[in-house]
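Protein chains: 2
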Amino acid sequence: MKLSSEQIKQKLKDAGLRVTPQRHAILEAVYTLGNHPSAEQVIDFIRVRYPGIATGTVYNVLDVMVESGLVKRVKTDKDAMRYDAIMNRHHHIYCAESDRIEDYFDEELDELLQAYFRKKKLQDFKIEDIILQIKGNFNDNSE
Amino acid sequence: MKLSSEQIKQKLKDAGLRVTPQRHAILEAVYTLGNHPSAEQVIDFIRVRYPGIATGTVYNVLDVMVESGLVKRVKTDKDAMRYDAIMNRHHHIYCAESDRIEDYFDEELDELLQAYFRKKKLQDFKIEDIILQIKGNFNDNSE
DNA sequence: TTCTTAGATAAGAATGATTCCTATATAAGA
DNA sequence: TCTTATATAGGAATCATTCTTATCTAAGAA
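In the order they appear, the protein sequences are chains A and B. According to my numbering, the stretch in the first sequence is residues 1 to 143, in order. According to my numbering, the stretch in the second sequence is residues 1001 to 1143, in order.
This is the structure we're talking about:
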């Protein structure tokens, strides 16, 4: 998903963050890259236009954005952490072989789960979010 | 869960793996520690009785065990990978604040999900496993 | 039982991802 | 414009994990 410069700025402001060129570039990168980029992919993307950005800054900013709810961390079987800017409730379809992640939106399923856990409460736990990790294989895997 | 030495041995054999003292100790550690240990926790646990075990061996063996279906990788928001020896279908209740993971078994839910995805097929994807990550907060968090 | 060898391990170097440190720079409110 | 709390650059440091190679051993064969 591509956002306008103004939209990105507004998102940072809404999250209560100072608007800096670095933060702007990083949030833009996560949105533009779309498919759950790693910090490294974000850095590579940004350095094309903005070579000076420091590695540490990207990690810092991504952390800050996670804290502020602008992005989410996505961990896979692999080592590097990945980031997701889509904040609407969604799930992940994941193939370990290719390390590919696809978003899965399904409101019907979400309602089903919500209803289920409204009835069947968990002891001593306050649910904030439920994420399905759907594991398997893409049929069109290039292998 | 605590397993007898004989049970552990049998599990290794059933998985088609050679039975070595290291593998025995590692599988025992994952079972005994119970709560989704990281590789580091496994190493610390084993070194008390078996100081010589090499770091690389633990990582190797854990990978081999994942390949052979003896343990599963468990991913959290944090960097380090964690491992789970419970292979029955179950889900995870996770609190990012404390990094605590609890197992959640619920056959009724599993059937619900199975029925749901039997009807609503995903295009171009063969589902092998569905794991819920239930995120939130434990009420008794010591904080 | 002993022999054989494919496969496993030790030890530690190497790598890759991430965090930390601190001097400098800057966003944004006064 | 000034002020200052906050952010960034640059690079060292740390942490998790993988790799390399010499040595060792489990387990089937003789």
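Glycine included, C-beta positions come from ideal geometry on N, C-alpha and C.
{"Check": "Within the 8 Å Cβ cut-off, does residue 1132 (chain B) reach chain A?", "Outcome": "yes"}
{"Check": "Taking Cβ positions, are residue 92 (chain A) and residue 134 (chain A) nearer each other than 8 Å?", "Outcome": "yes"}
{"Check": "Given that a residue counts as buried once 16 or more other Cβ atoms are within 10 Å of its Cβ, and exposed if not, what is residue 1037 (chain B)?", "Outcome": "buried"}
{"Check": "Hey, would you say residue 1030 (chain B) sits closer than 8 Å to residue 1042 (chain B), going by beta carbons?", "Outcome": "yes"}
{"Check": "Anything in chain A within Cβ reach of residue 959 (chain B), meaning under 7 Å, just list it in chain order.", "Outcome": "Residue coverage of chain B in this structure runs from 1001 to 1143, which leaves residue 959 (chain B) outside it and unanswerable."}
{"Check": "Just checking my contact of residue 1022 (chain B) with residue 1061 (chain B) at CB under 8 Å: how many whole Å lie between their CB atoms?", "Outcome": "6 Å"}
{"Check": "My understanding is that residue 68 (chain A) touches residue 15 (chain A), with C-beta atoms under 8 Å, so please give their C-beta distance in whole angstroms.", "Outcome": "4 Å"}
{"Check": "What residues from chain A crowd round residue 1073 (chain B), counting only those whose CB sits closer than 7 Å?", "Outcome": "77"}
{"Check": "Take residue 40 (chain A) as the anchor and find which of A:105, A:104, A:79 has the nearest alpha-carbon.", "Outcome": "A:79"}
{"Check": "For chain B, check one thing: does any of its Cβ atoms lie closer than 8 Å to the Cβ of residue 56 (chain A)?", "Outcome": "no"}
{"Check": "Residue 1136 (chain B) CB to nearest chain A CB: under 8 Å?", "Outcome": "yes"}
{"Check": "Mind listing the chain A neighbours of residue 1062 (chain B)? Cutoff is C-beta to C-beta under 7 Å, in chain order.", "Outcome": "Under the 7 Å cutoff, chain A gives no residues; its nearest Cβ is about 12 Å from residue 1062 (chain B)."}
{"Check": "Looking only at DSSP bridge pairs, what is residue 126 (chain A) linked to?", "Outcome": "B:1137"}
{"Check": "Once you ignore the five residues that flank residue 118 (chain A) on each side, which residues in its own chain have a CB closer than 6 Å to its CB?", "Outcome": "none"}
{"Check": "Show which residues of chain A have a CB atom less than 8 Å away from the CB atom of residue 1027 (chain B).", "Outcome": "Near residue 1027 (chain B) there are no residues of chain A at all, since even the closest Cβ is about 20 Å away, more than 8 Å."}
{"Check": "Is the Cβ of residue 88 (chain A) closer than 8 Å to any Cβ of chain B?", "Outcome": "no"}
{"Check": "For residue 12 (chain A), which option in A:2, A:28, A:1 has the closest C-alpha, if you only look at C-alpha atoms?", "Outcome": "A:28"}
{"Check": "To which residues of the same chain is residue 1046 (chain B) closer than 6 Å at the C-beta, ignoring the five residues directly before and after it?", "Outcome": "1025, 1029, 1053"}
{"Check": "Enumerate in chain order the residues of its own chain whose CB-to-CB distance from residue 1071 (chain B) is below 8 Å, with the five nearest sequence positions on each side excluded.", "Outcome": "1027, 1030, 1062, 1065, 1083, 1084, 1085, 1087"}
{"Check": "Could you tell me which of B:1139, B:1111, B:1128, B:1002 sits nearest to residue 1034 (chain B), measuring between CA atoms?", "Outcome": "B:1002"}
{"Check": "Check whether the Cβ atoms of residue 95 (chain A) and residue 136 (chain A) lie closer than 8 Å to each other.", "Outcome": "yes"}
{"Check": "In whole angstroms, what separates the C-alpha of residue 121 (chain A) from that of residue 1106 (chain B)?", "Outcome": "12 Å"}
{"Check": "Name the residues in the stretch 103-129 of chain A whose C-beta lies less than 9 Å from a C-beta of chain B; which are they?", "Outcome": "104, 106, 108, 109, 112, 113, 116, 117, 120, 122, 123, 124, 125, 126, 127, 128, 129"}
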